[in-house]
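Heads up, the thing below is written out as structure tokens.
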Amino acid sequence: MQKIFGNCLSLLLCTALFGTVARADGVLQFGDIRLAVNEGKTGYVTVIRSGTAREAVSAILSVGVGGTAKFGQDFDIVLPLGVVQIEAGDLFAHVAVEAFDDGEREGTEFATLSLSSPSGATLGVATSLTLDIIDAQKAEIELAFDGAEVRRVREGNDLAVDVVRSGGGAAASIEVSGQPGSATLGVDYVDVTQTVELDENQGRAGFTVSALDDNELEGNETLTLVSGNGKPEGQAVAAGRTRLVIIEDTEPGQPGEFALEVVGGANVPESSEPITFRVNRKDGSSGQVSVDYATADAPSGNIAEADKNYVPATGTLVFADGELAREFQVQLIDDNDKGPSERAFDVYIVNPILKSSTDPTAAKVRIGIQEDDGVKDDDDCEIFCNELCFIATAAYGSPMDAHVISLRRFRDQVLMQFGAGRAFVAAYYRFSPPIAEWISSSEPLRAATRAALWPLVFVVEHPGSAVVFLVLVLAGLNLQRRLRRTL
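Everything in the sequence shown is counted per numbering that gives the first Met the number 0, starting at 0 for the first residue and increasing by one.
Below, the structure is given as structure tokens:
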């Protein structure tokens, strides 16, 4: 009895300590931690699943408070209920971000997006993303951060940052501040909040980011420099991108920073051998650490599709103490068919562990697959020339929206399997582009189209529920008819 109790207690302890890890199907994180979208345009947030991909998983995508870009006013996220869903077998999800052109001179605005509440998976390191909305209107005076978009400073040192002027020569000012990423205000850096002033005709003015030496081995940490509230109001605005600052740890025993590169060129013919990627470990190599890799279709343009143009791949690279490089490969699929001259997909490194980090400027490589079976143009199309669902894409804002993907699958798996369906698809692709363009020009039209498409989307995504609903409706009508006969 005591032995059984001991085994049960051990099982309970193991479940409590490791149950979540054992059940988790992969690790979710942002592929990129920075995104810029011009007003009037659409950008894409990419969520990567690394490790395993057996089951469907999800996480909540939310907008933080305190940013100058307002959700619903300056931008919208095309995501039902704010839930990012990645289907079984898939390694990524693209979420469309639409920046509204409000016609106002307000300069660059920013917001912070975050991932939380994973279901079926765990969260990785990169769960926060800075979104920059770039103004479409030019202001009289524009004040922007100078220098590279990613800056570095070592612990205990100062980083000089300049604000540069373009436009009119009147005296102007801008407020700057730091948004903490993995770095902690007061522990890793001194508060940088201040007003930077430029005298009349002064071209630039500077301020300092002071990194604190906390004497702890913690790896590299980050903060983001943002600006706003330009003066004179209505004349001076923030411009350009925000700036990511990496505070480099200086304690001995650094685990290192990972950087991804492709061996050979990034543009390869579809019939080529597997593409080799190398992950380099720099600025330290102490201890055993690891980093994941994963592939993802490009979010827009001529897209290379997983399982159609390349074999999706994910895994974990374990680096031994002192090891400086590891390699992995991604296999292409030669379809022997004509296609666009180039299709693109991305390869990411994510989820570094044990205080290691990834270099944000070298954490992704875009691969261009070159068509070598002949380039297809519009005259080569037998049925349709574009794989997009034009009207659905206009309504939902992105070809990667989950509902648009469901409609494409319905097209491929149902309509394209019989003659009448193929004829309908051909007619749709002939007449729908101008209709889609008209719909995309107006949010009320997009909303009305989404409402009109909802019954079809519901039937396609939930056929069982649709059948039950239809049976209930028919039963209700039959009951109503019988009641009328008895009256």
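Note that the Cβ used here is the ideal one computed from N, Cα and C, for glycine as well.
Model, not experiment: these values are computed from the prediction.
Can you find the residues in the same chain that come closer than 7 Å, C-beta to C-beta, to G300, ignoring five residues on each side of it along the sequence?
For G300, same chain residues with a beta-carbon under 7 Å away, outside a window of 5 residues either side, are A343 in chain order.
Beta-carbon spacing of P149, L243 below 8 Å
Residue identity differs from the one stated: residue 149 is Val in this sequence, not Pro. In this structure, L243 lies closer than 8 Å to V149 by Cβ.
Mark P231 as exposed unless 16 or more other C-beta atoms lie within 10 angstroms of its C-beta, in which case mark it buried.
When all chains shown are included, P231 counts as exposed.
Distance, Cα to Cα, A98 vs R33?
15 Å
Buried or exposed for K69, please, with buried defined as at least 16 other CB atoms from any protein chain shown within 10 angstroms of its CB.
exposed
State the CB to CB distance for the pair S405 and F257, rounded to an integer number of angstroms; the pair is presumed to be in contact (CB under 8 Å).
At roughly 36 Å, the Cβ-Cβ gap does not stay under 8 Å, so S405 and F257 are not in contact.
Can you say whether L222 is buried or exposed, counting buried as having 16 or more other CB atoms within 10 angstroms of its CB?
buried
According to the Cβ coordinates, are T51 and D31 closer than 8 Å?
no
Measuring only the C-alpha atoms, how far is D213 from F109?
Distance from the CA of D213 to the CA of F109, rounded to the nearest whole angstrom, comes to 29 Å.
By a C-beta neighbour count over all protein chains shown, 10 Å radius and 16 as the cutoff for buried, is D378 buried or exposed?
Here D378 scores only 43 on pLDDT, less than 50, and its place in the model should not be relied on; the value that follows carries that caveat. Exposed, by the Cβ-count rule.
In chain order, which beta strand (DSSP E) runs of at least 3 residues are fully inside the region 40-99?
41-49, 56-62, 74-77, 82-85 and 91-98
Taking 8 Å as the threshold (C-beta atoms), are A293 and S127 in contact?
no
Backbone CA spacing between E247 and P179 [nearest angstrom]:
15 Å
Which residues in the same chain as Q201 place their Cβ atom closer than 6 Å to its Cβ, once the five residues preceding and following it in sequence are excluded?
none
T448 lies in the alpha helix (DSSP H); which residues open and close that run?
Boundaries of the alpha helix (DSSP H) around T448: E442 to E460.
Suppose you measure from the CA of A391 to the CA of R410; what does that come to, to the nearest Å?
12 Å
Determine, using beta carbons only, whether R104 and D134 come nearer to each other than 8 Å.
yes
Less than 7 Å between C-beta atoms, sequence neighbours within five positions excluded: which residues of the same chain meet that for F468?
In its own chain, leaving out the 5 sequence neighbours on each side, no residue places its CB closer than 7 Å to the CB of F468.
In the DSSP assignment, the alpha helix (DSSP H) including A391 goes from what residue to what residue?
F389 to Y395
How should G314 be labelled, buried or exposed, when 16 other C-beta atoms within 10 angstroms of its C-beta is the threshold for buried?
exposed
Nonlocal neighbours in the same chain, by C-beta distance under 7 Å from F423, ignoring five residues either side
L414
Residues near W437 in its chain [Cβ-Cβ closer than 8 Å; skip 5 each side]
Cβ neighbours of W437 beyond the five flanking positions: L444.
Cα-Cα separation, R203 to T67
23 Å
For the 8 Å Cβ check, are there 3 or more pairs between the region 363-370 and the region 262-270?
yes
Out of curiosity, what's the CA-to-CA distance linking G239 and V175?
13 Å
Please classify F318 as buried or exposed, where buried requires at least 16 neighbouring CB atoms within 10 angstroms.
buried
Throw me the rounded Cβ distance for the V160 and V208 pair, which I believe falls under 8 Å.
6 Å
Could you check the C-alpha separation between L112 and V225 for me, to the nearest Å?
15 Å
Quick check on D73: buried or exposed, where buried means 16 or more other Cβ atoms within 10 Å of its Cβ?
buried
Roughly how many angstroms separate the alpha carbons of P251 and K281, rounded to a whole number?
14 Å
What do you get for S464, buried or exposed, if any count of 16 or more other CB atoms within 10 angstroms of its CB means buried?
Answer is exposed; the Cβ neighbour count stays below 16.
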